[in-house]
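Visitor: Protein chains in written order, with our numbering: chain A, 1 to 132; chain B, 133 to 264. Dropping the structure in here first, questions after.
There are 2 protein chains.
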Amino acid sequence: MSTVNLTKNQTLVLDVLTRSEGPLSAYTILDKLRDHGFRAPLQVYRALEKLLEFGLVHRLESLNSFVACAHREHACCSHGTVAFAICESCGQVSEFHDHVIDDQLNSWTRGKGFKPSKTTIEIRGLCAACNI
Amino acid sequence: MSTVNLTKNQTLVLDVLTRSEGPLSAYTILDKLRDHGFRAPLQVYRALEKLLEFGLVHRLESLNSFVACAHREHACCSHGTVAFAICESCGQVSEFHDHVIDDQLNSWTRGKGFKPSKTTIEIRGLCAACNI
DNA sequence: TGCGTCACGTAATGTTATTACATGAATTGT
DNA sequence: ACAATTCATGTAATAACATTACGTGACGCA
């Protein structure tokens, strides 16, 4: 379990994401941090860039938005690809890992000589609660 | 094998994507079609929307861009999720299917009562040719 | 002290996507 | 034949997301 020293801006952005129910766009984060002195998108994007690097935050490509990592305590993020199920009705995001999928993707990339750097798996749909 | 009647604009957009080596952004498509009378982004987005619906085109979420479906002749697109390997050096995109991954995702969603509508799988990295 | 690095601030701009409103062509039911 | 509906289209404006360029001050270190 490595702990990183976050800067002031990184801490602020991570706090906002952690407190949030669902994913937030960079501009939404910006708005929430205006009272703390944030004035430009770049301040958010710079913090996000680092937080992504540290694995404390994930980017949801299909939503152009960001979530705090749900599995920090398990250090899950480091041993495989993270997948997301995103409810299009309530916005809730479930984060999970699947080693079979990891293996399968690895075997495809190995077979092709493809060297993966980042893998995105996102399922859009309706969560159990919304799918009544 | 169902064949769809495409409108003029849809045909133009699909042709541009089919002729292209790699994925194109909506605005790049727009530029390539100015000579054919395209003047606004909406003309492209509307055509893309339909082409996506017909399964003739895929959207790459991590790139905000679009590719013609590579497996039309196999009607692959209809029986499972499509995955993409995207080379960050040369831009080449490989499209593939994997039933084990499909099964694994289906079993996760079934277990959670999540009803999937669209699933995105994108691997960013370096293709064999670029990874020397 | 001089140098490199890094977090930060600000402004401007670039890129991607949508909303709102209007028109004409094709289809359908009567 | 006619009204009603649907659908593809065109145009303008704007919203939403992201980056480039430039400058400053703090810090570690040879």
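Just so it is clear, CB atoms sit at the ideal spot from N, CA and C, and this is done for glycine as well. Note that the coordinates shown come from a computational prediction; the quantities given were computed from them, not determined experimentally.
If contact means a Cβ-Cβ distance below 8 Å, which residues of the stretch 95-120 of chain A contact chain B?
Guide: Those would be 96, 98, 100, 101, 104, 105, 108, 109, 112, 113, 114, 115, 116, 117, 118, 119, 120, in chain order.
Visitor: Is residue 132 (chain A) close to chain B? Criterion is C-beta to C-beta, closer than 8 Å.
Guide: By one-based count along the first sequence, residue 132 (chain A) stands at place 132. It does not; no Cβ of chain B falls within 8 Å.
Visitor: Is there at least one Cβ from chain A nearer than 8 Å to residue 146 (chain B)'s Cβ?
Guide: Indexing the second sequence from 1 puts residue 146 (chain B) at position 14. No, no contact with chain A.
Visitor: Give the secondary structure of residue 52 (chain A) by DSSP, where H, G and I count as helix, E and B as strand, and everything else as coil.
Guide: Numbered from its first residue, the first sequence carries residue 52 (chain A) at position 52. Three-state result, residue 52 (chain A): helix.
Visitor: Give every residue of the same chain whose Cβ lies closer than 7 Å to the Cβ of residue 164 (chain B), excluding the five residues on either side of it in the sequence, and list them in chain order.
Guide: As a first step, residue 164 (chain B) must be located in the second sequence, where it is residue number 32. Cβ within range, chain order: 148.
Visitor: Identify whether residue 148 (chain B) lies in helix, strand or coil by the three-state DSSP scheme.
Guide: For the purposes of this step, residue 148 (chain B) is identified with residue 16 of the second sequence, where counting begins at 1. Three-state result, residue 148 (chain B): helix.
Visitor: Go ahead and label residue 197 (chain B) buried or exposed: buried means 16 or more other beta carbons lie within 10 angstroms of its beta carbon, across all protein chains shown.
Guide: To locate residue 197 (chain B), count along the second sequence from 1; it is residue 65. That one is buried.
Visitor: Within the 8 Å Cβ cut-off, does residue 152 (chain A) reach chain B?
Guide: No statement about residue 152 (chain A) is possible, as the shown extent of chain A runs from 1 to 132 and does not include it.
Visitor: For the alpha helix (DSSP H) holding residue 237 (chain B), just list the boundary residues, first then last.
Guide: Stepping through the second sequence from its first residue, residue 237 (chain B) is reached at position 105. Looking at the DSSP string, the run of the alpha helix (DSSP H) that includes residue 237 (chain B) is 231-244.
Visitor: If residue 63 (chain A) and residue 44 (chain A) are in contact, beta carbons under 8 Å, what's the gap, nearest whole angstrom?
Guide: Taking the first sequence and counting its residues from 1, the one referred to as residue 63 (chain A) is at position 63. Taking the first sequence and counting its residues from 1, the one referred to as residue 44 (chain A) is at position 44. Not quite, the Cβ-Cβ distance comes to about 16 Å (not below 8 Å), so this is no contact.
Visitor: Which residues mark the beginning and the end of the alpha helix (DSSP H) in which residue 28 (chain A) is found?
Guide: Here residue 28 (chain A) corresponds to residue number 28 of the first sequence, with the count starting at 1. Unbroken alpha helix (DSSP H) run through residue 28 (chain A): 26-32.
Visitor: What are the partner residues of residue 87 (chain A), as DSSP defines its beta bridges?
Guide: Numbered from its first residue, the first sequence carries residue 87 (chain A) at position 87. Answer is A:125, bridged to residue 87 (chain A).
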